[in-house]
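Note sheet for the following structure.
Residue numbers (the numbering used here): 242 to 493.
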């Protein structure tokens with residue numbers, strides 16, 4: 242850092258280790274990871290690989306249906322807006338409903354179980370340690386590899402419940418094909434953009450991460466985008482089975 246000399250004992254030295262190459266990972270390999278940030282599509286975990294792995298909610302609990310508990314991070318449906326917002330489960334009311342607290346304003350709300358979607362288990366707090374398994378390594382349209390993880394080994398190789406989002410119209414789009422989208426929600430880490438398949442059909446929401454807006458550091462997303470903006474995007478990553486669509490404003 243400053244070029245100054247300093248004497249240390251050998252026991253205080255920590256050898257630098259090379260990150261594990263994604264190409265060397267195989268399904269069911271076990272690692273002790275550090276929980277990083279949680280997004281609407283899952284939680285990232287650092288296992289010492291070339292990049293963090295994504296831990297999707299389906300791969301974090303046993304069985305077909307999760308039993309929500311206090312501290313779980315969820316997306317909850319708000320009837321007045323007919324939309325989902327992030328919240329934290331406060332308690333199980335024992336009658337099929339849950340008392341939740343909205344992340345945005347701290348207000349309490351009673352939600353039905355079928356109006357809740359799990360984002361992150363209560364024990365997977367940022368900075369905590371967690372044992373995970375390699376679920377898969379996939380390659381996106383730009384040739385970049387993505388790492389997926391699981392805490393429940395029995396679910397490796399499974400697909401989870403089928404989502405209602407139909408992304409089939411985006412499956413055969415080339416990586417350099419541009420689409421016109423509309424910004425419908427701004428978040429600290431990016432924006433959700435509504436975009437329609439080029440061949441026609443129902444529009445879908447895709448995530449435009451802040452790193453995919455332009456080169457360089459963006460200190461304030463609202464300096465780049467506003468609600469209602471019409472922008473040109475391309476498909477960065479698509480997983481039709483999981484209902485995941487990632488977009489980019491940058492060239493390949």
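Think of the CB as a built atom: it goes at the ideal place given N, C-alpha and C, for glycine as much as any other residue.
Predicted model only: the values in this text are computed from it and were never measured.
Q. Name the DSSP bridge partner or partners of residue 480?
A. 485
Q: Can you say whether residue 286 is buried or exposed, counting buried as having 16 or more other CB atoms within 10 angstroms of its CB?
A: buried
(Q) Tell me whether the region 407-420 and the region 476-487 touch, counting them as touching only if at least three CB pairs, one residue from each stretch, are closer than 8 Å. (A) yes
Q. Exposed or buried, which one is residue 429 when buried takes at least 16 other CB atoms within 10 Å?
A. Around the beta carbon of residue 429, fewer than 16 other beta carbons lie within 10 angstroms, which makes this residue exposed.
(Q) So, at 7 Å on beta carbons, what are the nonlocal neighbours of residue 400 in its own chain, with the 5 sequence-adjacent residues on each side left out? (A) Scanning its chain for C-beta atoms nearer than 7 Å, with the 5 sequence neighbours on each side dropped, one finds around residue 400 the residues 482, in chain order.
Q. What is the residue span of the beta strand (DSSP E) that residue 307 lies within?
A. No beta strand (DSSP E) contains residue 307, which DSSP labels as neither H nor E.
Q: Assess, as a yes-or-no matter, whether the region 387-400 is touched by the region 366-375 under the definition of 3 or more beta carbon pairs within less than 8 Å.
A: yes
Q | Local conformation of residue 352 per DSSP, three classes | A | strand
Q. Just how far apart, CA to CA, sit residue 556 and residue 335?
A. Since the first residue of the chain shown is 242 and the last is 493, residue 556 is not available in this structure.
Q: Look at the alpha carbon of residue 293 and the alpha carbon of residue 397, and state the distance between them as a whole number of angstroms.
A: 18 Å
Q: Grab the span of the beta strand (DSSP E) containing residue 339 for me, first residue to last.
A: 338-343
Q: With DSSP collapsed to three states, give me the class of residue 471.
A: For residue 471, the secondary structure class from DSSP, reduced to helix, strand or coil, is strand.
Q: Given a cut-off of 8 Å, decide if residue 332 and residue 360 are closer than it, judged by their beta-carbon atoms.
A: no
Q) Identify the residues that DSSP records as bridge partners of residue 458: which are they? A) Beta-bridge analysis with DSSP links residue 458 to no other residue.
Q: Identify which residue in 283, 308, 312, 358 has its Cα closest to the Cα of residue 319.
A: Residue 319 has its Cα closest to that of 358, out of 283, 308, 312, 358.
Q) Which value, in whole angstroms, describes the spacing of the CA atoms of residue 310 and residue 440? A) Straight-line spacing of the CA atoms in residue 310 and residue 440 works out to 43 Å.
Q) By how many angstroms is the C-alpha of residue 346 removed from the C-alpha of residue 367? A) 21 Å
Q: Report the partner residues of residue 267 according to the DSSP bridge assignment.
A: The secondary-structure analysis by DSSP pairs residue 267 with nothing; it has no beta-bridge partner.
Q: For residue 260, collect the residues of the same chain with a Cβ closer than 7 Å to its Cβ; drop the 5 residues on either side in sequence, then sort them by chain order.
A: 289, 290, 291
Q: Please classify residue 284: is it buried, with 16 or more other beta-carbons within 10 angstroms of its beta-carbon, or exposed?
A: With 16 or more other Cβ atoms within 10 Å, it is buried.
Q) Straight-line CA distance for residue 435 to residue 446? A) 4 Å
Q.
Using a Cβ-Cβ cutoff of less than 6 Å, which residues in the same chain neighbour residue 466 once the five nearest sequence positions on both sides are dropped?
A. 424, 432
(Q) Strictly by DSSP, which residues pair up with residue 426? (A) 433
(Q) Let's see if you can read the secondary structure: which residues bound the beta strand (DSSP E) around residue 450? (A) Unbroken beta strand (DSSP E) run through residue 450: 445-450.
(Q) Measuring straight from C-alpha to C-alpha, what distance separates residue 460 and residue 451? (A) 10 Å
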